[in-house]
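Remarks on the structure that follows.
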Amino acid sequence: MTRTLPAFLQSDHISSRTRTALLERMEQEQGQRKHLSPEAFQLLELVCDDILPQAPLLGELHLNLAVMIDQALAGPGDGWRFADLPTDMAAWEDGLASLELYARGLFGQDYASLDTDQRGTLLDRAFDGSLPVNAQAPFSASQMKLWSGDLRNQIVAAFLAHPIAQERLGISSSLTGGDKEIQGFSTESLTKKEAFEPENERRFSKMG
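Residue numbers for the sequence shown follow the UniProt record's numbering, so the first one is 1 and each next one is one higher.
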């Protein structure tokens, strides 16, 4: 499916280098699985939607965050990992395989068959390290706690990195300047916009 390009990509306040990187992300997101096993990737697609439902923000449009994560796993990464986890590719295969086995251990069903509440319970217990012992799972509860943090971070990071999500959220951080000069921002206000920023509404979470 061809995506409509966000209008801010045509701004003279964005450099050609940044524009190219954002366009590459859009192309990447519409690509195919390359690195994870089919079973792991299929499960990741479900987990991405469970952790970050997109409909409230994007409506019928759906970004394939699992593809973005899959392709990022083969990249240079950020240069570090938890000592108790294997390298990224192995960690994601083992983490997703473990999630499936913990689902069967807790509820007697595979992850895809669980209802919303059961999935939420499983993901929360993975995140807080309270999963029961499962000798078949590659990862222990403590390893699942570490990996689950990476899982959530990567899902949110993939979403926020996509130009369409940035447009819908009113994120203008890429508009620091064109190729000839760094124009930057003159205001530090979260609510007041610069004249060159898109007119779409900024979204804020309501706390308390």
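Where a beta carbon is used, it is the ideal one built from N, C-alpha and C, also for glycine.
What you are looking at is a predicted structure, and each value in this text was computed from that prediction instead of being measured.
Using DSSP with H/G/I as helix, E/B as strand and the rest coil, what is PRO53?
coil
For the alpha helix (DSSP H) containing PRO6, name the first residue and the last one.
Premise fails: PRO6 is in no alpha helix (DSSP H) and is neither H nor E.
What is the DSSP secondary structure of LYS34, reduced to helix, strand or coil?
coil
Hey, LEU122 and LEU114 are a contact pair by Cβ (cut 8 Å); roughly how many whole angstroms apart?
7 Å
With a cut-off of 8 Å, do at least 3 Cβ pairs link the stretch 88-100 to the stretch 139-152?
yes
Would you kindly work out how many angstroms separate the C-alpha atoms of ALA112 and SER173, rounded to a whole number?
About 37 Å.
For PRO132 and LEU46, I'd like the C-alpha separation in whole angstroms.
22 Å
I need the boundaries of the alpha helix (DSSP H) containing ILE164, first residue and last residue.
Unbroken alpha helix (DSSP H) run through ILE164: 163-169.
Specify the secondary structure class of ILE182 as computed by DSSP and reduced to three states.
coil
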